[in-house]
Structures are given as C-alpha cells and as structure tokens.
Amino acid sequence: APVGRNETTSLVLAGTLNAAGYAEAALSLRGEVQSALHREGRVGVLLVPDQEPIVRALLEAGELQFPLETSAEALREHRGYFASERGERLVLGFPRYRVYFYNSTDKSAEVDLYAYLSN
C-alpha cells in the first residue's frame, strides 16, 4: 500500500532476513504498481536491525537506526514497472534484519526483494 519513506510508523513489515555469518548483502528491488499511476514516486525497502532497542525506537518514536536501503523510481513512462539500478553491496552489521517496504506513489505495488548474501 502507499506509505512514504518518512512515515516510519506505517512502513509495511514483510518479514525478516537472517544474515548471521555473512559480511555483505547485495540488494535488488523490482516490481510493478497495480494500476495506472497518477503520482510517480519511489518504492523501496529498508532493512532495520532486528534488535529490541532499535525496533522499539522505530515503533515508538519513528526513529530509523542503522537502516540498509535500496529503492527504485516508479514512473508513468515505464507503465508502472520499476527496478533498482543495481545490487548495491552493503556491509552487514547485525545477524537479523526486519524488512520494511515503502511506496510513495498513489497506487499499491507488488514488490520483489533479492538479497544476495556473501562473505
């Protein structure tokens, strides 16, 4: 559903990523909006460390701490399809991350996240 990146207490929780034993992740995002766009925007993912004080700061105060992120522009000219530029390599600092999506367009989107973990 549409929810802006800065609406941190309304982000869409999509599960967890187990990163124990890995040093890096390459994140790639792709998807499509469900109908014609009236307002273009960004669709993205935030990986938030699944640590009690960090999650509490997010849920209670809307504070993002140590997030990993990738996003893509959803443009009318692409007929609602979008994909991140490339799998950016990010340093992992925690064994587990909560996966949250955001969508600043005016339409619901179907999103696929690819996380390639490496040492």
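Heads up, the sequence shown is in the numbering used here, so the first residue is 6 and it goes up one at a time. Note that CB positions come from ideal geometry on N, CA and C, so glycine has one too. Here the structure is a predicted model, which is why all the values come from computation and not from measurement.
In whole angstroms, what separates the C-alpha of residue i from that of residue j?
| i | j | result |
| --- | --- | --- |
| Asn108 | Arg47 | 6 Å |
| Gly20 | His43 | 29 Å |
| Pro72 | Leu95 | 10 Å |
So, at 6 Å on beta carbons, what are the nonlocal neighbours of residue i in its own chain, with the 5 sequence-adjacent residues on each side left out?
| i | result |
| --- | --- |
| Arg10 | Tyr107 |
Between which two residues does the alpha helix (DSSP H) containing residue i stretch?
| i | result |
| --- | --- |
| Arg84 | Looking at the DSSP string, Arg84 is not in any alpha helix (DSSP H), and its letter there is neither H nor E. |
Give me the residue from the options with the minimum Cα distance to residue i.
| i | options | result |
| --- | --- | --- |
| Leu97 | Val50, His43 and Ala31 | Ala31 |
| Glu49 | Val17, Leu95 and Arg84 | Rather than Glu, the amino acid found at residue 49 in this sequence is Gly. Of the listed residues, the one whose Cα sits closest to Gly49 is Val17. |
| Ala66 | Ala6, Leu51, Val104 and Thr13 | Thr13 |
| Val2 | Ser123, Val104 and Asn124 | The requested residue 2 is not part of the displayed model; the chain covers only 6 to 124. |
| Glu74 | Phe87, Ala88, Arg35 and Glu93 | Glu93 |
| Ala114 | Asn23, Ser40 and Leu22 | Ser40 |
Please return the same chain residues whose Cβ sits closer than 7 Å to the Cβ of residue i, not counting the five positions on each side in sequence.
| i | result |
| --- | --- |
| Leu63 | Thr13, Val53 and Leu69 |
Checklist entry - Do the region 49 to 59 and the region 80 to 87 meet, that is, are 3 or more Cβ pairs less than 8 Å apart? => result Note that the region 49 to 59 does not touch the region 80 to 87; fewer than 3 beta-carbon pairs, one per stretch, sit closer than 8 Å.
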